[in-house]
Amino acid sequence: MLKIKNLKASIEGKEILNGINLEIKAGEVHAIMGPNGSGKSTLASVLAGRDLFKVTAGSVEFEGKDLLDMSPEDRSCEGIFLAFQYPVEIPGVSITNFIKAAVNAHREYKGLDPMPPSQFLKFMKEKKALVEMESKLTNRSVNEGFSGGEKKKNEIFQLAMLEPKLAILDETDSGLDIDALRIVANGVNKLKTKDNATLVITHYQRLLDYIVPDFVHVLYNGRIVRSGGKELAMELEEKGYDWIKAEVNGVS
Amino acid sequence: MQSKEDIKKEKILSVFDNDYKLLSENGLKAKALKFYKKNNFPGLKDEGWRQTNLTPIFSNEYIELNVDEEIIDINNFNIPGLEANKLVFINGFYSLKHSRIISEGLQIGSIKTLSKEMPDVFKKHFESTEIHSENNFTAINTAYAHDGTFVYVNKNQVIDKPVHIFNITTTDKSILAQTRNLVITEIGSGLEIIETYHSLGGESAFTNVVTEVIAGMNSSIKWTRIQDESQNSNHMNHMKVVQYSDSNFMCNTITLSGGLVRNNIAVKLANEGCNSNLFGLYLVKGKQLVDNYTFIDHAMPRCESNQVYKGIINDEASAVFFGRVLVAKDAQKTNANQTNRNVLLSENAKINSKPQLEIYADDVACSHGSTTGQLDQDAMFYLQSRGIPKNKAQAMLLYGFVSEVIDELPNEEIKDYIDVSIKKILGEE
Ligand SMILES: Nc1ncnc2c1ncn2[C@@H]1O[C@H](COP(=O)(O)OP(=O)(O)OP(=O)(O)O)[C@@H](O)[C@H]1O
Ligand SMILES: [Mg+2]
């Protein structure tokens, strides 16, 4: 589904991604871990099409298409979804209007007519239930004045509404209380099929107890320095990153 | 030899037929003309006008024109679903044919006619704010207004349907249209007014409006002004409001289109317990200039005023916001807030924003702020990352930016009307 080859990206001349190689197949769950500032969110942003970052080398193929060539909106319509680490607040735009515009943009991309209002409301109700999102929240402006947890729930609600092929969850667990973590993770799991894939960025094993990864990668200094199965996450939880850092720095 | 300023004055003065009888009876016309001759039009050297290039107003040869009212289809300018008392002015002249009063016992109509039917009320209030001496625009209006709206709301009378005043300029000639409005709400009464301005021809009409509002004790006035004129038009609007004890006044100024637009609103809070809300929204593009000047005079204690003006400026257009709040020494417990926010959509778009607080009392709560910026790129990316195309995302964000002002509009029909108009302008629909 996704093939990242030797991807390099920089901001203001500063290289942040240093040659990423990663392949994700349909049905798989990958986790990316790594110290603060190692480039995890940058990778997610580059995949979603944020032009703040300049891609200086490498390629990304998504379902056989050149992803880097597409606008952010086309990437979304092709099936990429990024749940942001820090969702922005958008005053004056209600969640309902926002998500309606998004759903209908996806439909238009596929050559479908806008969803009839009654069907849309039903669909939205269903998905809100999935993440146990408070009903009145959708009448409010996007993320404005939301608690940290509400913002994260809202991201997963959007994920549910847009049914992407590849969901990238950037620290969706941070800011969630224990119950909310379980609800959100179960929501993600319910949306999982053999045809879609998930890339989870996290610092904590506890999320991976719910969303169990097939592969775990460690990103450090803009490079994937180690990959393994789910036991790698446990090892990191126990030992931290120092041993990996030492290994990497010792080698280079 | 005549000076440049004298030529301007002569040019505007020469438009008018000297036979208007509107104000001559009480010598006000002579007084206004005396002021006009003595003073020059405001210009770039005058405080409050420094950012406002008035050249477009003086570069046309205007005429006044009372057209056949049959040629206008007023339905084009209706606000869908709004049941209102309608007063229609075409090129400043009252159109009896198109006007319709549906509320019972409402004393409203052409100021030319009603001033004669209610001479005592008229004499008591007309020019009670001395608005003719603001500047030469108000002076020439006082001397030669074509007609205008007169509303008198009796004690404790609450008007069930709003009053919609249509102002239309026609034809392909440069029309000079002057309307003059006088609105009085007696103790405990309530009134809602909607003024809309439209131009039919593409030529550079000049609309010069003066309005006096006397809000009696505990009365409530909700005013909405919608300006939707051609890119070549000039619009000068002066409003003076006097509020007595515990009265509520709200004015929404929505500028959808126009060439040169200047709105002056001055509110005097003349007794305690008044509440005054001024909201504004301007969408400026091309080479337009939209200028809002407000002055709130907190003369007495325990009054509250709020101002929120928001603008979106594109192309080579410019906008000016000058908001002055004066809190007098005795005006303790004043609560005054003022904000002006702008989004610039192009490199050549300009905004000049100057909120100004002058406080001479010590026990007050006042705030003011002004922000100007580009569209929030993080928010743009957020919307795009959900599949929403760039231009639609921009329109949604801009709409979100101005929605705070739309939410304040006094009724659903106006909200819908402005909603649709703005979405059309922003390209959201
Ligand atoms: N807009 C930006 N301008 C300048 N530097 C940036 C910008 N965004 C990210 N960086 C830098 O890129 C590096 C990687 O940041 P990134 O957010 O990708 O890290 P991360 O791995 O997601 O960290 P965390 O675990 O703290 O979320 C950091 O050094 C960061 O300061
Ligand atoms: Mg991060």
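Just so you know, the sequences run in chain order X and L.
Counting from 1, one number per residue, gives the positions in the first sequence under the working numbering.
Counting from 253, one number per residue, gives the positions in the second sequence under the working numbering.
Heads up, the beta-carbon is just placed ideally off N, CA and C, and yes, glycines get one too.
When you compare only the Cα positions, how much space is there between residue i and residue j?
i	j	result
Val142 of chain X	Glu150 of chain X	11 angstroms
Ser528 of chain L	Ile342 of chain L	31 angstroms
Phe633 of chain L	Lys54 of chain X	15 angstroms
Ser472 of chain L	Ser367 of chain L	23 angstroms
Lys375 of chain L	Ala391 of chain L	18 angstroms
Asn6 of chain X	Arg223 of chain X	9 angstroms
Asp630 of chain L	Glu356 of chain L	54 angstroms
His450 of chain L	Cys77 of chain X	42 angstroms
Lys256 of chain L	Phe310 of chain L	11 angstroms
Asn328 of chain L	Lys349 of chain L	15 angstroms
Val435 of chain L	Ile95 of chain X	42 angstroms
Met502 of chain L	Trp475 of chain L	6 angstroms
Ile90 of chain X	Asp424 of chain L	44 angstroms
Ala569 of chain L	Ser622 of chain L	19 angstroms
Lys281 of chain L	Asn566 of chain L	42 angstroms
Asn154 of chain X	Lys128 of chain X	9 angstroms
Ile99 of chain X	Met115 of chain X	12 angstroms
Phe287 of chain L	Leu650 of chain L	44 angstroms
Lys25 of chain X	Ile32 of chain X	15 angstroms
Leu159 of chain X	Leu661 of chain L	35 angstroms
Arg576 of chain L	Phe458 of chain L	26 angstroms
Lys230 of chain X	Asp214 of chain X	6 angstroms
Leu52 of chain X	Asn97 of chain X	27 angstroms
Gly92 of chain X	Ile548 of chain L	28 angstroms
Leu207 of chain X	Asn663 of chain L	49 angstroms
Gly525 of chain L	Asn589 of chain L	16 angstroms
Glu235 of chain X	Lys245 of chain X	14 angstroms
Asn291 of chain L	Arg302 of chain L	17 angstroms
Can you tell which of the options has its C-alpha closest to the C-alpha of residue i?
i	options	result
Ser509 of chain L	L:Arg432, L:His487, L:Ala645 and L:Val519	L:His487
Ile603 of chain L	L:Lys537, L:Lys425 and L:Lys349	L:Lys537
Ala395 of chain L	L:Lys375, L:Ile446, L:Phe345 and L:Phe268	L:Phe268
Lys152 of chain X	X:Ser174, X:Met234 and X:Ser71	X:Ser174
Asn410 of chain L	L:Thr401, L:Ala601, L:Asn470 and L:Thr507	A small correction: the amino acid at residue 410 of chain L is Val; Asn does not occupy that position in the sequence shown. Ranking L:Thr401, L:Ala601, L:Asn470 and L:Thr507 by Cα distance to Val410 of chain L puts L:Asn470 first.
Asn419 of chain L	L:Phe345, L:Glu444 and L:Ser499	L:Phe345
Leu533 of chain L	L:Lys289, L:Ile259, L:His620 and L:Asn515	L:Asn515
Ile506 of chain L	L:Ala617, L:Glu379, L:Asp543 and L:Asn523	L:Asp543
Glu386 of chain L	L:Glu464, L:Leu535, L:Asn406 and L:Asp320	L:Glu464
Glu321 of chain L	L:Phe389, L:Leu339, L:Ser347 and L:Ala647	L:Ser347
Asn196 of chain X	X:Pro164, X:His30 and X:Lys14	X:Pro164
Glu481 of chain L	L:Gly453, L:Glu299, L:Leu306 and L:Ile264	L:Gly453
Lys608 of chain L	L:Asn587, L:Phe574 and L:Ile354	Note that residue 608 of chain L is Gln in the sequence shown, not Lys. Among L:Asn587, L:Phe574 and L:Ile354, the Cα nearest to that of Gln608 of chain L is on L:Phe574.
Ala265 of chain X	L:Ile640, L:His550 and L:Glu369	This structure leaves residue 265 of chain X out entirely; chain X is present only between 1 and 252.
Using a beta-carbon distance below 8 angstroms, is residue i in contact with chain L?
i	result
Ser252 of chain X	Bear in mind that a pLDDT of 48 at Ser252 of chain X, under 50, signals an unreliable position, so the number given afterwards is only what the model happens to contain. By this cut-off, Ser252 of chain X is not an interface position.
Gln119 of chain X	no
Gln85 of chain X	no
Ala101 of chain X	yes
Ile90 of chain X	yes
Leu159 of chain X	no
Arg140 of chain X	no
Ala9 of chain X	no
Leu67 of chain X	no
Pro35 of chain X	no
Within 8 angstroms of any Cβ in chain X, is that where the Cβ of residue i sits?
i	result
Ala457 of chain L	no
Ile564 of chain L	no
Gly427 of chain L	Residue identity check: residue 427 of chain L is Ile in the sequence provided, not Gly. Not an interface residue.
Cys345 of chain L	Per the sequence shown, residue 345 of chain L should be read as Phe rather than Cys. Not one chain X Cβ lies under 8 angstroms of Phe345 of chain L.
Ile640 of chain L	yes
Glu656 of chain L	yes
Gln608 of chain L	no
Gly621 of chain L	no
Ser637 of chain L	yes
Phe547 of chain L	no
Ala631 of chain L	yes
Gly454 of chain L	no
Leu339 of chain L	no
Assuming the contact rule is C-beta atoms closer than 8 angstroms, residue i and residue j should be a hit. Round their C-beta distance to whole Å, please.
i	j	result
Glu656 of chain L	Lys585 of chain L	Rounded, the Cβ-Cβ distance is 26 angstroms, inconsistent with contact.
Thr198 of chain X	Val188 of chain X	7 angstroms
Val212 of chain X	Gly228 of chain X	Contact doesn't hold; Cβ gap of about 14 angstroms is too wide.
Ile11 of chain X	Leu47 of chain X	The Cβ separation is near 15 angstroms, so there is no contact.
Ala645 of chain L	Leu635 of chain L	4 angstroms
Is residue i near ligand 4, going by C-beta to nearest heavy atom under 7 angstroms?
i	result
Asp630 of chain L	Ligand 4 is not part of this structure, which contains only ligand 1 and ligand 2.
query: When a residue counts only if its C-beta is closer than 5 angstroms to some heavy atom of ligand 1, which residues count, in chain order?
result: Here the list is X:Ile11, X:Ile16, X:Asn36, X:Gly37, X:Ser38, X:Gly39, X:Lys40, X:Ser41 and X:Thr42.
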